[in-house]
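197 is the number that UniProt numbering gives to position 197 of the sequence shown; each next residue is one higher, with no gaps.
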Amino acid sequence: MSRMPMLELFAGELRRLRVAAGLSQEALGERLSYSASLVAAVEQCRRPPREEFARRCDEVLSGGGLLARIRETLVRESLMPWFREWVTIEQEAAALRSFEPLVVPGLLQTEAYARTLYEGAGQFVGDEVEQQVAARLARQTVLTRPAPPQLVVVLDYTVLERPVGGPKVMREQLRHLLEVGGRPKVHLHLVPRSTGAYPGLNGAFVLATPPEGDDIAYLDNQLHGTIVERSADVHSLRQTWESVRAEATPHGATLKLISEAAETWT
């Protein structure tokens, strides 16, 4: 199935189960502890279903896991073929080191921020955007699993200043960074605005440390992503990481700077 029908299938099955249970959107929302407007948005393919939403719907509507399975397929098929392998590596990693000079990394994006980026890129339209947003948010569950990876992220300070989606979206996004940054295994760092040219300006990258074996890297560009396993190339990226990390502020100071930046988005 293509990506659009999978979203429509979820919406259709949710509607069918809700009607069969004799519930209005308002009544279902009350039982789920979600708003009726959210239920309506999912049924109209205007919002992607989150994992918790699908699970709760299955429980309340006696779906037997149907909605959760449809959502899993939706998320899997929404991923670009060249990105699926990396997501598997990412989900199994013991540690992730990410540098991003332009935008907040996908693992730390809010729904609104991610949607704005996809809409701005112009690569997807309509329901396809919602499919991609759902897939991106689904990846973030790696940070809440029982044994999450250690995540170290270095951002260029300008990421906090770029008006992605406007003040409301940016304020929510920066506050989300503060929330995630408060978790024990997450460390955030900023390359100061005053820093001149430095190696990281050549582009974003991620280094994944698997439970066993050597590090694996991922590079993204306008057309597609590239998984890097060649030892010499991974070593080069590791050196770049060390250089970038040396330019960045400590975790505690970074959270203070993010908090201050969040207050400027009013």
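Even glycine gets a Cβ: it sits at the ideal position worked out from N, Cα and C. No experiment lies behind these values; they were computed from the predicted model shown.
Can you give me the C-alpha to C-alpha distance between residue i and residue j, rounded to a whole angstrom?
i: residue 156; j: residue 90; result: 22 Å
i: residue 198; j: residue 209; result: 24 Å
i: residue 275; j: residue 87; result: Residue 275 is absent from the structure shown; the chain starts at 1 and stops at 266.
i: residue 98; j: residue 166; result: 25 Å
i: residue 18; j: residue 48; result: 17 Å
i: residue 178; j: residue 254; result: 9 Å
i: residue 195; j: residue 35; result: 45 Å
i: residue 242; j: residue 225; result: 22 Å
i: residue 38; j: residue 202; result: 41 Å
i: residue 68; j: residue 265; result: 36 Å
i: residue 120; j: residue 24; result: 35 Å
i: residue 118; j: residue 205; result: 19 Å
i: residue 9; j: residue 176; result: 31 Å
i: residue 122; j: residue 184; result: 36 Å
i: residue 162; j: residue 180; result: 20 Å
Return the residue from the list the options that minimises the CA-CA distance to residue i.
i: residue 251; options: 83, 220 and 151; result: 151
i: residue 31; options: 9, 55, 13 and 105; result: 55
i: residue 5; options: 141, 71 and 20; result: 71
i: residue 29; options: 104, 61 and 8; result: 61
i: residue 171; options: 194, 109 and 120; result: 109
i: residue 147; options: 211, 204 and 69; result: 211
i: residue 144; options: 51, 33 and 217; result: 51
i: residue 7; options: 73, 264, 162 and 121; result: 73
i: residue 173; options: 103, 121, 204 and 227; result: 103
i: residue 140; options: 107, 115, 205 and 263; result: 107
i: residue 263; options: 227, 85, 168 and 244; result: 168
i: residue 20; options: 26, 63, 40 and 9; result: 63
i: residue 218; options: 162, 142, 83 and 123; result: 83
i: residue 240; options: 100, 142 and 33; result: 100
For residue i, which residues from the same chain have a beta carbon less than 8 Å from its beta carbon, with the 5 sequence-adjacent residues on both sides left out?
i: residue 11; result: 42, 43, 44 and 45
i: residue 15; result: 43
i: residue 257; result: 157, 160, 190 and 249
i: residue 53; result: 32, 34, 38 and 42
i: residue 244; result: 99, 154, 191, 198, 199 and 200
Tell me which same chain residues have a C-beta within less than 7 Å of the C-beta of residue i, skipping the five on either side of it?
i: residue 75; result: 134, 135 and 138
i: residue 248; result: 154, 189, 190 and 191
i: residue 66; result: 13 and 58
i: residue 105; result: 98 and 153
i: residue 229; result: 216
i: residue 40; result: 25
i: residue 259; result: 178
i: residue 85; result: 227
i: residue 124; result: 118 and 132
i: residue 27; result: none
Does residue i pass the burial test, meaning 16 or more other C-beta atoms within 10 Å, or should it be called exposed?
i: residue 126; result: exposed
i: residue 158; result: exposed
i: residue 22; result: exposed
i: residue 182; result: exposed
i: residue 232; result: exposed
i: residue 94; result: exposed
i: residue 235; result: exposed
i: residue 193; result: exposed
i: residue 267; result: Since the first residue shown for the chain is 1 and the last is 266, residue 267 is missing from the structure and cannot be characterised.
i: residue 111; result: buried
Who are the Cβ neighbours of residue i in its own chain at under 6 Å, not counting the five residues just before and after it?
i: residue 1; result: Bear in mind that a pLDDT of 36 at residue 1, under 50, signals an unreliable position, so the number given afterwards is only what the model happens to contain. Excluding residues within five positions, none has a Cβ falling inside 6 Å.
i: residue 142; result: 91
Is the beta carbon of residue j closer than 8 Å to that of residue i?
i: residue 220; j: residue 238; result: no
i: residue 164; j: residue 113; result: yes
i: residue 96; j: residue 149; result: yes
i: residue 246; j: residue 160; result: no
Answer yes or no: does any C-beta atom of chain B fall closer than 8 Å to that of residue i?
i: residue 238; result: You won't find chain B in this structure, because it holds only one protein chain.
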